[in-house]
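Peer 1: Before anything else, here's the structure in question.
Residue numbers (the working numbering), protein chains in the order written: chain A, 1 to 276; chain B, 277 to 547.
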């Protein structure tokens with residue numbers, strides 16, 4: 001008998017091997033489809049072009065006038081990212097409460113959600129999906145047409161696409177945290193929101209904060225990209241300098257971006273330590 | 277009026293095979309009555325307690341709580357009924373990063389407005405009564421400690437301190453003394469019983485310590501394989517009945533059975 005020869009065969013082993021093979025089989029056409037050819041990077045012509053770019057960027061621009069402008073635009077970029085993220089939070093937090101299955105009262109005792117509640121949750125999830133599947137750059141292009149050139153378009157684009165992302169990830173963080181405390185509070189008659197605040201939030205808060213700060217960092221980078229289509233901030237200046245072939249100015253602005261991201265990292269670390 | 281009336285109540289597991297966990301139970305519990313639930317592991321004690329707490333919907337039979345069938349009520353009414361019952365699970369439901377005072381005051385959530393609940397997160401609303409509840413379990417000094425700084429036994433008693441603040445009329449306690457030493461266990465059970473008596477609440481307490489159950493509770497319900505084996509005043513419960521309740525059916529070594537097949541564990545497979 002086969003089982004006698006291997007007395008403690010892991011029943012999950014065959015599935016794991018199958019999934020691994022399926023994954024590899026799926027991955028190969030993806031690489032081929034993306035025209036992934038890393039050896040082109042080391043082509044002689046590519047190396048020469050890269051060298052010219054780099055020598056241009058070597059000396060960052062430090063003229064006082066230019067620095068003052070960069071500072072002003074940096075401030076605007078931070079403002080766009082923060083305002084956009086705040087607006088996104090105003091939508092995302094209520095959407096999270098509405099979509100988390102953890103907070104279903106009809107699920108209590110039956111293991112199944114009420115069909116109506118399940119429909120509403122699914123519908124909201126689809127809305128969030130549509131909102132975040134359109135890239136923020138496309139939203140920005142749209143809003144530049146509607147509200148004109150300037151930071152407002154950037155703020156609205158970030159608010160819209162990030163509300164979808166935040167709500168999805170918040171709901172998933174809450175659902176993957178240990179639900180025992182929340183379930184017991186609900187079973188003892190607590191309402192949904194207090195059950196979340198007293199049951200799930202204490203343990204999920206560090207992760208929620210760290211993801212929010214990471215999204216803020218993404219919003220800063222995103223506002224740079226959106227600047228290229230005229231949505232204001234440092235990105236718009238970056239676009240102008242690139243078109244004028246002013247390599248040193250571009251270098252300065254890129255350094256500012258690195259500093260901003262490092263700053264976001266620092267804030268995240270501090271908050272996590274405070275909450276941990 | 278009876279707090280609980282069960283007639284032919286069958287309860288199935290919610291996930292997986294939906295196999296029956298409790299078979300056609302008949303049980304009546306009067307207001308203010310104190311009952312110990314005993315039986316071997318896997319007998320269905322925890323399922324019975326969560327059924328009594330409206331946290332598990334029975335499949336067949338009649339269940340009445342305070343004279344009402346909870347599953348005939350609207351969802352909102354049933355949730356209000358849950359606030360009159362208090363389920364204390366075996367694993368204390370306390371988030372590790374929460375402060376003890378917040379965890380204990382969470383008992384008040386069903387009666388608080390959202391605004392009070394929010395305010396209490398910032399500044400505890402009633403630390404005095406949380407302290408009083410903790411003091412009865414000699415944990416008064418842990419009021420502002422974090423839950424993850426407590427030992428296992430302290431966490432268990434902290435979960436029971438929440439029970440003292442709940443104001444419920446039926447207390448359903450699942451193995452409240454599993455992490456406590458014998459002296460503390462007796463003291464803790466005595467406090468639970470005093471509290472139930474003071475507010476004339478029905479107390480149902482599942483226990484693995486049979487001697488303590490016989491010493492502290494006037495009525496014993498023996499559960500095995502989802503069936504009530506006996507339901508009697510403690511004077512009528514003999515040592516033979518106890519021995520039969522816990523008699524091991526699997527004394528002889530089990531034949532070497534193959535492990536669960538992949539589709540049996542497909543849902544729960546984990547790393």
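Heads up, the beta-carbon is just placed ideally off N, CA and C, and yes, glycines get one too.
#1: Which chain A residues are close to residue 291 (chain B), counting only those with a beta carbon under 9 angstroms from its beta carbon?
#2: In chain B, which residues lie less than 8 angstroms from residue 184 (chain A) when you measure between Cβ atoms?
#3: Please report the distance separating the alpha-carbon of residue 85 (chain A) from that of residue 226 (chain A).
#4: Nearest-angstrom Cα distance between residue 382 (chain B) and residue 431 (chain B)?
#5: Between the stretch 127 to 139 of chain A and the stretch 193 to 212 of chain A, are three or more C-beta pairs nearer than 8 angstroms?
#6: Answer with buried or exposed for residue 520 (chain B), where buried requires no fewer than 16 other C-beta atoms within 10 angstroms of its C-beta.
#7: Taking the alpha-carbon of residue 100 (chain A) as reference, which of A:124, A:22, A:65, A:77 has the nearest alpha-carbon?
#8: Please report the distance separating the alpha-carbon of residue 253 (chain A) from that of residue 233 (chain A).
#9: So, are the CB atoms of residue 478 (chain B) and residue 363 (chain B) less than 8 angstroms apart?
#10: Residue 280 (chain B) lies in the beta strand (DSSP E); which residues open and close that run?
#11: Residues of chain A with CB under 8 angstroms from residue 335 (chain B), in chain order?
#12: With DSSP as the reference, identify every bridge partner of residue 109 (chain A), one or two as the case may be.
#13: Which one or two residues does DSSP pair with residue 217 (chain A) in a beta bridge?
#14: Which of the three DSSP states is assigned to residue 130 (chain A) in this structure?
#15: Using three-state DSSP, classify residue 386 (chain B) as helix, strand or coil.
#16: Please list the segments of the alpha helix (DSSP H) lying wholly inside the stretch 58 to 102 of chain A, counting only runs of 4 or more residues, in order along the chain.
#17: DSSP on residue 368 (chain B), reduced to helix/strand/coil?
#18: Could you pull the DSSP bridge partners for residue 417 (chain B) from this structure?
#19: From residue 435 (chain B) to residue 458 (chain B), what distance separates their C-alpha atoms?
#20: Using a Cβ-Cβ cutoff of less than 6 angstroms, which residues in the same chain neighbour residue 241 (chain A) once the five nearest sequence positions on both sides are dropped?
#21: Any idea what DSSP makes of residue 504 (chain B), helix, strand or coil?
#22: Taking the continuous beta strand (DSSP E) assigned at residue 463 (chain B), which residues delimit it?
#23: Buried or exposed, going by whether 16 or more other CB atoms sit within 10 Å of the CB of residue 502 (chain B)?
#24: Step through the CB atoms of chain A and report whether any lies within less than 8 angstroms of the CB of residue 549 (chain B).
Peer 2: Short version:
#1: Counting from one through the second chain, the residue named residue 291 (chain B) turns up at place 15. Under the 9 angstroms cutoff, chain A gives 111.
#2: Within the first chain, the letter at position 184 stands for residue 184 (chain A). Those are 363, 365, 369, listed as they occur along chain B.
#3: Along the first chain, read from residue 1 onward, the residue named residue 85 (chain A) stands at position 85. Along the first chain, read from residue 1 onward, the residue named residue 226 (chain A) stands at position 226. Approximately 15 angstroms, taken between the alpha carbons.
#4: For the purposes of this step, residue 382 (chain B) is taken as the residue at position 106 of the second chain. For the purposes of this step, residue 431 (chain B) is taken as the residue at position 155 of the second chain. Approximately 15 angstroms, taken between the alpha carbons.
#5: no
#6: Working through the second chain from its first residue, we reach residue 520 (chain B) at position 244. Exposed: under 16 other Cβ atoms inside 10 Å.
#7: On the first chain, position 100 is the one that residue 100 (chain A) refers to. The candidate whose alpha carbon is nearest that of residue 100 (chain A) is A:124.
#8: Taking the first chain and counting its residues from 1, one reaches residue 253 (chain A) at position 253. Taking the first chain and counting its residues from 1, one reaches residue 233 (chain A) at position 233. Roughly 11 angstroms separates the two Cα atoms.
#9: Here residue 478 (chain B) refers to the residue found at position 202 when the second chain is read from its first residue. Here residue 363 (chain B) refers to the residue found at position 87 when the second chain is read from its first residue. No, they are not a contact pair.
#10: On the second chain, residue 280 (chain B) is found 4 positions in, with the first residue counted as 1. First-last of the beta strand (DSSP E) with residue 280 (chain B): 278 to 288.
#11: Taking the first residue of the second chain as position 1, residue 335 (chain B) is located at position 59. Correct list: empty, because the minimum Cβ distance to chain A is about 11 angstroms.
#12: The count along the first chain starts at 1 and reaches residue 109 (chain A) at position 109. DSSP output for residue 109 (chain A) lists B:332 as bridge partner(s).
#13: Translated into the one-based positions of the first chain, residue 217 (chain A) becomes position 217. According to DSSP, residue 217 (chain A) bridges with nothing at all.
#14: By 1-based counting over the first chain, the position of residue 130 (chain A) is 130. Three-state DSSP puts residue 130 (chain A) in a helix.
#15: Here residue 386 (chain B) refers to the residue found at position 110 when the second chain is read from its first residue. Residue 386 (chain B): helix per DSSP, three-state reduction.
#16: 64 to 99
#17: Start at 1 with the first residue of the second chain, and residue 368 (chain B) comes out as number 92. Residue 368 (chain B) falls in the coil class under three-state DSSP.
#18: As a position in the second chain, residue 417 (chain B) is number 141, starting the count at 1. DSSP, once it has assigned bridges, lists no residue as partnering residue 417 (chain B).
#19: On the second chain, residue 435 (chain B) is found 159 positions in, with the first residue counted as 1. On the second chain, residue 458 (chain B) is found 182 positions in, with the first residue counted as 1. Roughly 18 angstroms separates the two Cα atoms.
#20: Reading the first chain from its first residue, position 241 is the one you call residue 241 (chain A). Result list for residue 241 (chain A): 249, 250, in chain order.
#21: In the second chain, the residue the question calls residue 504 (chain B) occupies position 228. Residue state, collapsed to three classes: strand.
#22: By 1-based counting over the second chain, the position of residue 463 (chain B) is 187. Unbroken run through residue 463 (chain B) is the alpha helix (DSSP H), 458 to 474; no beta strand (DSSP E).
#23: The residue labelled residue 502 (chain B) in the question sits at position 226 within the second chain. Classification of residue 502 (chain B): buried, given that the 10 Å Cβ count is 16 or more.
#24: Nothing about residue 549 (chain B) can be read from this structure; chain B reaches only from 277 to 547.
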